[in-house]
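Residue numbering for the sequence shown follows this note's numbering, beginning at 896 and increasing consecutively. Heads up, the beta-carbon is just placed ideally off N, CA and C, and yes, glycines get one too. Nothing here was measured: the structure is a model prediction, and the numbers come from that model. Have a look at the structure below before the remarks.
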Amino acid sequence: MFERNLLLKYLSCKDNFLYVNPNLKILKPGTCVRLIDYENNVFYFSIANFSSELEDNCIGISSLLAKTLRIEENVLFRVTEVNSFSSVKSLAIFPVNQNEYEVIESLADNIQQTLLNQIRVVCSGQCFVIWIGNNINATVSVGNINPVSPGAIDFLTEVHIEPITNHNLTTKSLEKGEQNTSNECKFWNIFSNNLPNADSKKLEQFTDCSELIFRVIPFDKLPINQALFNSVPPFTVFLSKAQFPEESKWDLVSTIFSVRLLTSDIFAKDIYIKLMYLEDIEHSNLALHRELYVSQDLLDLLDCDLGSRVIIKPVKTYPIVSEIEISCNKNYNTDVLETFKMFLANDNYSMVLNSNIPIDIGEKVICSLKFLPNESKFCAVDDNLVRNCKYTLKIDNIVKTSKKEKSSNDDSFIHGISNLKQLIESSTELFSNRYEDMENILIIGKPGTGKSTLLKHLAKTLQDYPYFNYVKLVSCKTLKGKTMDSLGKFFSQAFSDLLVHEPSVLVLDDLHIMCENIQGDEASPNYIYFSRISEMLHTFFKSFSPLHKIGILASCESVESLNKNIYSSRGSHLFKNIEEIKDLTKQDRLLTLKHLLRNYEIIDVNFNDFSIKTEGFVIQDLVDFSNKTIFEMYKNDCEDLNRACIKQEHLESALKNTSIISLQNVQLHSPGDKDFSSIGGLHSIKKILMENLLWPGHYPNIFANAPIRLQSGLLLYGPPGSGKTLLAGAAAKECGMRLISVKGPELLSKYIGASEQSVRDIFQKAQSARPCILFFDEFDSLAPKRGHDNTGVTDRVVNQLLTQLDGVEALVGVCVLAATSRPDLLDSALLRPGRLDKQILCALPNEAERLEILKIHSCNLSLDDDVDLSKISVATENYSGADLQSMLYTAHMLTMDYSYENDKVEIGDCKITQNHLEEALKKTKPSLSHKERVKYEKIYKQFQTGSTLGEFKAGSKATLA
């Protein structure tokens, strides 16, 4: 007997027959079949012929007939072959309105022959279409059929056309354009061949259904006391009492039911069960389909997952059992026969036992049963059986029930991560209402942000109470490089599973890998390959998701990385809900680190300190960091691994060896080995830099709750050689921040748009490398005043800088530091509040500062005892820090020359004397002349006394000769 799940397609034929694919040769023309959808609607058809228009695993009917029956295209039906139908002696048909009645009356003389050419199987209550010529048709509904419904019409069948006043309920609903939604008719569907006539009163009273379809849910998904299920006998399943009308309750006390998985395997084994009602479970959101709550052992026996459909039907006759043969695979310490008798006698419920299925009868005894004399498939346990049955024991090897291993991964910590918690709540809310159409969700995030972990957690959550969704998780990485044919077959099977188990959710991890957005030549092989895959998936999504209870949950790095067939900036969107995984906060990193190291003993570790040092880390970076920490622990304590524990030094060593994902394509500049202690003078500037750079990192909670936006941009200006560039590297070293140094002219390009793109890229890299200092050296060459450039390049660069510095998206973890010797040349808009609003003058050092600079630079030099640096500091007025370093370098070279000229002294052994310093001072002049210094002082004075925007008063502009 043929039985299979097939998709229904629309055809342009003009009859009421069912067409099949030529590959389904087992369904020959004239065969009668029964179609059942997963809302338990039943239809009967006769096979007409094969159609080459249909794809594999598809069937087809007339599009007009399908719309009359309210059957949507691409709906999955259960197609079952019916061996034979009784001939129909007489039937009544009802036109749906007066116009249809007049058309049918005109055809009354030839109605029988017309029907034989267009339909063969009729069923009470099922409508069909009669075609009269090429352009005229009439819709009718079948009424009373004599002697039985459904049946096959032939040349002897009498057809009665009833007037419109005698319409039944189904006809009235069709006339109004409404679907027949009688609760009893829709909720209780009948699957036997001998259905009652479609009389409305009989349908309302008919409740002893012969077969029902249920959706299976495991016990452990229910929010009730699990001890209840441990105390019930095996092969007992539960129904929710709230899901059934009160007048339709089954009498479960003395009824045994057979259950079979609804699959294409016609040789599937029946399992016999007892049903019980659950009265204490709350159903705030009932499923569209009836739910059957079963044990995990029963799921394993049926070889099915959550959401699978099973058919149950009551057993009318029970076998007579006079002997039970008990098989076990070894000798137990207890008496197996007595244990089995106690197992039967102590049960307060009516019980059913299945043959050749291992069960636990208590005392850790696993056994298999056989019922004699007829080796029946099941046995109904009652008092009479317990008293009179004979029990025999047989030692045999049996297979224990296979239990699926539960995942040991604890991902509950993601509920403590603020952004991920919001994503979980919003996503589950969209999939919570199974009465409405599910919406598709796209989760975007940078590599390593936890997209895969989040999707796995969502998949697990959506399968639990109260959602009970069937979830199919697909990793697109494993499908990369497969051919179109193999991908088509894979997703065809995937959507077939989703249809069978609906409501269901398809989870696609890293969708951008399979649907990549290729830029460039549209004729390239890669472009064509990814476009075809994306178009195929788009077709699947549009064909199945809107018409069924199927939701799509996908992840990618960004919407720009997706092919235009999957996500387009215009038109309709597959994903109406786009959620972004944001960066981890300090508290998030602290929680994640503690969770990753929770299984190890920790001694004197300051996690708060490491939560600050891991700024910019994503979840994968923290996982790598924790793994390296564990490695450091075992490496240092390899002598006694049982007493190994994590210490502060282990984390510090691991942090030095951890390279974070966001910096893989970012070129960082080493801040060097100099910190603020290596720079003489500039004390007030160092203090300002510490306040603006170090404090926000050490006290993030305080700064995060600031009522106003904080300063994130600083401008260092001063004459050449005053230490502006040196301060940037020392600040990065002192504050533990990364440094990205940009020389002004290197961002400029002759190509239109290239300079602005370079500015955007450098800010994006800075965000990836945070906490970092983005340092612009020679800033006046990159951002001069607008309107003075004939090409317009610098004007566009300034506009882009303004947007990046004070745009809609605030800079988080990035401090912009710019240096220039000519602040008067900068565009005034850059100096407004919110941008480079803090301007700091790096003036030439005074006498005390010069002495400090000389001491710092000479600490690694060999000085003679007669050296007096204070005299040198007095004699070097108007010298910059660079000039003082140059003077010391010249003095050192003089000692080298003296060592080379003196053959008795080895090179490098001579010390720098006071004479060397004085001679070097004569050779080293200040880098700025008096005239240049005066003009610089005038420029800086006018800049300081100007408006807060850094604008000069009229006529106060100064230029250098």
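Where residue i sits in the DSSP three-state scheme
i        : result
Pro-1268 : coil
Lys-1377 : coil
Val-1858 : An answer regarding residue 1858 cannot be provided, because it is not within the stretch 896 to 1856 covered by the chain.
Tyr-1360 : coil
Ala-1664 : coil
Ile-1151 : coil
Cys-927  : strand
Val-1205 : strand
Glu-1586 : helix
Gly-1511 : coil
Ile-1555 : coil
Pro-1113 : strand
Ser-1190 : coil
Ile-1635 : strand
Asp-1861 : Given a span of 896 to 1856 for the chain in the structure shown, any question on residue 1861 remains unanswerable.
Val-1127 : coil
Ile-1290 : strand
Cys-1630 : helix
Ile-1580 : helix
Closest residue to residue i among the options (Cα-Cα distance)
i        : options                                : result
Val-1035 : Asn-1012, Gly-1682, Tyr-996            : Tyr-996
Met-1171 : Arg-1155, Thr-1131, Leu-1197           : Thr-1131
Leu-1173 : Leu-1764, Asn-900, Gln-1734, Val-1127  : Val-1127
Phe-938  : Glu-948, Leu-906, Val-974, Asp-910     : Val-974
Ile-1119 : Asn-1494, Phe-1133, Thr-1785           : Phe-1133
Phe-838  : Met-1528, Phe-1390, Tyr-1424, Glu-1417 : Past the boundaries of the shown model lies residue 838; the chain is included only from 896 to 1856, so the question cannot be answered.
Ala-1354 : Cys-1737, Leu-1201, Leu-1196           : Leu-1201
Asp-932  : Leu-1157, Glu-1258, Pro-917, Glu-948   : Leu-1157
Ile-1221 : Asp-1198, Gln-1191, Lys-1285           : Lys-1285
Val-1054 : Gly-1038, Asp-1672, Ser-1263           : Gly-1038
His-1752 : Lys-1569, Pro-1591, Asp-1255, Lys-1766 : Lys-1569
Own chain, CB closer than 7 Å to residue i, minus 5 neighbours either side, in chain order
i        : result
Pro-1342 : Glu-1452, Ile-1556
Ile-1748 : Gly-1575, Gly-1576, Pro-1740, Gly-1776, Leu-1779
Asn-944  : Tyr-914, Pro-924
Gly-1383 : Met-1431
Ala-1724 : Leu-1697
Lys-1818 : Thr-1785
Close beta carbons around residue i, own chain, < 8 Å, minus the five adjacent residues each side
i        : result
Leu-1488 : Phe-1502, Phe-1505, Ser-1506, Thr-1509, Leu-1517, Phe-1520, Ser-1521
Val-1454 : Leu-1337, Ile-1339, Tyr-1462, Ile-1473
Lys-1806 : Ser-1757, Leu-1758, Asp-1759, Thr-1790
Residue(s) in a DSSP beta bridge with residue i
i        : result
Asp-1715 : First, the amino acid is wrong: residue 1715 is Thr here, not Asp. Paired residues: Tyr-1612.
Tyr-881  : Given a span of 896 to 1856 for the chain in the structure shown, any question on residue 881 remains unanswerable.
Met-1246 : Val-1276
Asn-1262 : Strictly speaking, residue 1262 in this sequence is Cys, with Asn absent from that position. Beta-bridge pairing links Cys-1262 to Ile-1254.
Asn-1472 : Ile-1336
Asn-900  : Arg-973
Gly-1857 : In the structure as shown, the chain starts at 896 and stops at 1856, and residue 1857 therefore has no counterpart that could be examined.
Lys-877  : What the structure shows of the chain is the stretch from 896 to 1856, and residue 877 is not part of that stretch, so it cannot be assessed.
Leu-1368 : Val-1402
Met-1171 : Phe-1133
Ser-941  : Cys-927
Residues of its chain near residue i, where Cβ-Cβ distance is below 6 Å and the 5 sequence neighbours each way are ignored
i        : result
Cys-1858 : The question about residue 1858 has no answer, for the chain in this structure spans 896 to 1856.
Lys-1272 : Ser-1250
Val-1154 : Ile-1166, Ile-1168, Val-1205, Ile-1207
Cys-908  : Ser-957
Leu-1712 : Leu-1609, Ala-1623, Ile-1668, Phe-1670
Asn-1810 : none
Thr-1689 : Pro-1679
Gln-1839 : none
Glu-1324 : none
Ser-1644 : Ser-1650
Any non-hydrogen atom of the ligand ZN closer than 7 Å to residue i Cβ
i        : result
Lys-1645 : Absence of the ligand ZN is noted for the structure shown, with no ligands found whatsoever.
inquiry  = Give the list of continuous alpha helix (DSSP H) stretches no shorter than 4 residues that lie fully inside the region 1404–1468.
reply    = 1406–1409, 1420–1439
**Prompt:** Could you give the uninterrupted runs of the beta strand (DSSP E) lying entirely in the region 983–1059, keeping only those of 3 residues or more?
**Reply:** 985–990, 1022–1027, 1031–1041, 1053–1056
| field | Inside the region 1733–1761 only - beta strand (DSSP E) runs reaching at least 3 residues | value | 1733–1736
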